[in-house]
Amino acid sequence: MKNFFIVFLILMIVWVLLNNTFQPDILLVGAVIAFFASAFLCKRCELFADMNFTPKGIIYTIIFLGVFMIDLIKSNLDVTRRVLNPALPIKPGIVEVKTKLKSKFARMLLANSITLTPGTLTVDVKDDSFFIHWIDVKDEDVKVASKEIVEKFEKYLEVIYG
Amino acid sequence: MELLGAIVTLMGSLVLLVASIGLLRMPDVYNRLQVGTKATTLGTILTLFGLLILMPGWWGKLILLIFFVMMTNPVSSHVLARASYFIKIPFTDRTVVDKLKVSSKAQKIEYEEK
Amino acid sequence: MVDTILTVAVAIILLSIGLTMIRFVKGKTSVDRVIAFDVMSIASIALIGILAYVTQRIIYLDVAIVYGLLGFLAVIIIAKYLEKSL
Numbered sequence: 007m008k009n010f011f012i013v014f015l016i017l018m019i020v021w022v023l024l025n026n027t028f029q030p031d032i033l034l035v036g037a038v039i040a041f042f043a044s045a046f047l048c049k050r051c052e053l054f055a056d057m058n059f060t061p062k063g064i065i066y067t068i069i070f071l072g073v074f075m076i077d078l079i080k081s082n083l084d085v086t087r088r089v090l091n092p093a094l095p096i097k098p099g100i101v102e103v104k105t106k107l108k109s110k111f112a113r114m115l116l117a118n119s120i121t122l123t124p125g126t127l128t129v130d131v132k133d134d135s136f137f138i139h140w141i142d143v144k145d146e147d148v149k150v151a152s153k154e155i156v157e158k159f160e161k162y163l164e165v166i167y168g
Numbered sequence: 004m005e006l007l008g009a010i011v012t013l014m015g016s017l018v019l020l021v022a023s024i025g026l027l028r029m030p031d032v033y034n035r036l037q038v039g040t041k042a043t044t045l046g047t048i049l050t051l052f053g054l055l056i057l058m059p060g061w062w063g064k065l066i067l068l069i070f071f072v073m074m075t076n077p078v079s080s081h082v083l084a085r086a087s088y089f090i091k092i093p094f095t096d097r098t099v100v101d102k103l104k105v106s107s108k109a110q111k112i113e114y115e116e117k
Numbered sequence: 043m044v045d046t047i048l049t050v051a052v053a054i055i056l057l058s059i060g061l062t063m064i065r066f067v068k069g070k071t072s073v074d075r076v077i078a079f080d081v082m083s084i085a086s087i088a089l090i091g092i093l094a095y096v097t098q099r100i101i102y103l104d105v106a107i108v109y110g111l112l113g114f115l116a117v118i119i120i121a122k123y124l125e126k127s128l
């Protein structure tokens, strides 16, 4: 039931953004389509089930978005510095990091965030380990790499997805 | 106000230019993917954000596009990195460590023992 | 003033698409070409956005959304095909 409401809400938000109006007839058409789509096509959408809709969770979501945007800009400055340097200062390698997150959606968000932060790219996921291509390997050890790459996002995602 | 929007758009296009230069300069597939993903994501977000400042009435579709680019771009780069690892595209000579190879070898031995 | 800056921005995006085209032709591996295609399609989204502002037509943004969707699906399907899991 919770899944149904979340999918319905997301479809409605996309509908309103696409139409860019709040006229009642358009909203009604959108509500009917979103109801049928989420009732018949989404029987097993368990992706959003373990999200915490508490005030704390919502505040942490906003903080997470802020941290993420700052890191995106930082990573671009880093990439620009590396690309425009004539000597091409790279030292690539694939390292392994561990995560404590259990929920699937939280893991997807973590992998996406890792891809967009300075010099890292998720290559593969096996059970608890993420394999990450790091453009400038500082340490090959699992614990040090985990602390360097994963921890800053994990502490927010742990609160949001319990 | 309009000038600010135009300048943000210009910055976005410069970031896209950095992406294409990086694509030409980097030595192997994985480093090209790194530059390609990050620089194009910020470049597109900045360009569309500049248009949002120029044209505030279009907020709905522009915000939808920004979220769409932010969610799909890392996914496609991850899928490409995985595919190029599994069809064994070679690394550049400057690569220092490959933990994934060690791990999959260990897993294979475990499997054969069973 | 705004028009001049936007013209320069369009010129820079076209230049970057041209530079990406060099990688697309040179390639070496198929994945290189797919990456070049991905970067080109995302740069085209930005270009279509600017075009929508210049011609003052919001309908072009729908074109950009659909174009992004198709580019994303194409990359996923080509990657699946290369992995031989399709």
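Chains as they are written, first to last, in the working numbering: chain W, 7 to 168; chain C, 4 to 117; chain S, 43 to 128. Built from N, CA and C at the ideal position, the CB exists for glycine as well. Everything numeric in this text was worked out from a predicted model, so none of it was measured.
{"Asked": "In the DSSP output, which residue or residues are listed as bridge partners for W/H139?", "Found": "W/I100, W/L127"}
{"Asked": "Based on DSSP bridge pairs, tell me the residues matched to S/K70.", "Found": "Its beta-bridge partners do not exist; DSSP assigns none."}
{"Asked": "W/P98 and C/Y33 look like a contact to me (Cβ under 8 Å); what is the Cβ gap, rounded to whole Å?", "Found": "6 Å"}
{"Asked": "If W/T123 and W/S81 are in contact, beta carbons under 8 Å, what's the gap, nearest whole angstrom?", "Found": "5 Å"}
{"Asked": "Looking at C-alpha atoms only, which residue of S/I77, S/I47, S/I87 is the closest neighbour of S/Y102?", "Found": "S/I87"}
{"Asked": "Cβ atoms of W/L116 and W/F163: under 8 Å apart, would you say?", "Found": "Inspection of the sequence shows that residue 163 of chain W is occupied by Leu rather than by Phe. In contact: W/L163 and W/L116 (Cβ atoms closer than 8 Å)."}
{"Asked": "Hey, quick one: how far does the alpha helix (DSSP H) through W/Y162 stretch, first residue to last?", "Found": "157-166"}
{"Asked": "In angstroms with no decimal places, state the Cα-to-Cα distance between S/Y95 and C/L54.", "Found": "7 Å"}
{"Asked": "Counting pairs of beta carbons, one from the region 39-57 of chain C and one from the region 104-120 of chain W, are three or more of them closer than 8 Å?", "Found": "no"}
{"Asked": "Determine whether the beta carbon atoms of W/N118 and C/V82 lie at a separation below 8 Å.", "Found": "no"}
{"Asked": "Please confirm whether W/G72 has its beta-carbon closer than 8 Å to some beta-carbon of chain C.", "Found": "no"}
{"Asked": "Anything in chain W within Cβ reach of C/P77, meaning under 9 Å, just list it in chain order.", "Found": "A117, N118, S119, I120, T121, L122, L127, T128"}
{"Asked": "Return no unless some Cβ of chain C is closer than 8 Å to the Cβ of S/L48.", "Found": "yes"}
{"Asked": "Determine whether the beta carbon atoms of S/M82 and S/I59 lie at a separation below 8 Å.", "Found": "yes"}
{"Asked": "What is the rounded straight-line gap between the Cα of C/A9 and the Cα of S/A53?", "Found": "14 Å"}
{"Asked": "Is there a Cβ from chain C that is less than 8 Å from the Cβ of S/R65?", "Found": "yes"}
{"Asked": "Look at the alpha carbon of C/K64 and the alpha carbon of W/D130, and state the distance between them as a whole number of angstroms.", "Found": "33 Å"}
{"Asked": "Locate the alpha helix (DSSP H) running through W/K62, then write down its first and last residues.", "Found": "61-90"}
{"Asked": "Quick check: the region 68-75 of chain W against the region 35-43 of chain W, are at least 3 beta-carbon pairs closer than 8 Å?", "Found": "no"}
{"Asked": "C/A86 touches chain W at which residues, Cβ-Cβ below 7 Å?", "Found": "None at all; the shortest Cβ gap to chain W is about 10 Å."}
{"Asked": "Any beta carbon of chain C sitting closer than 8 Å to that of S/G69?", "Found": "no"}
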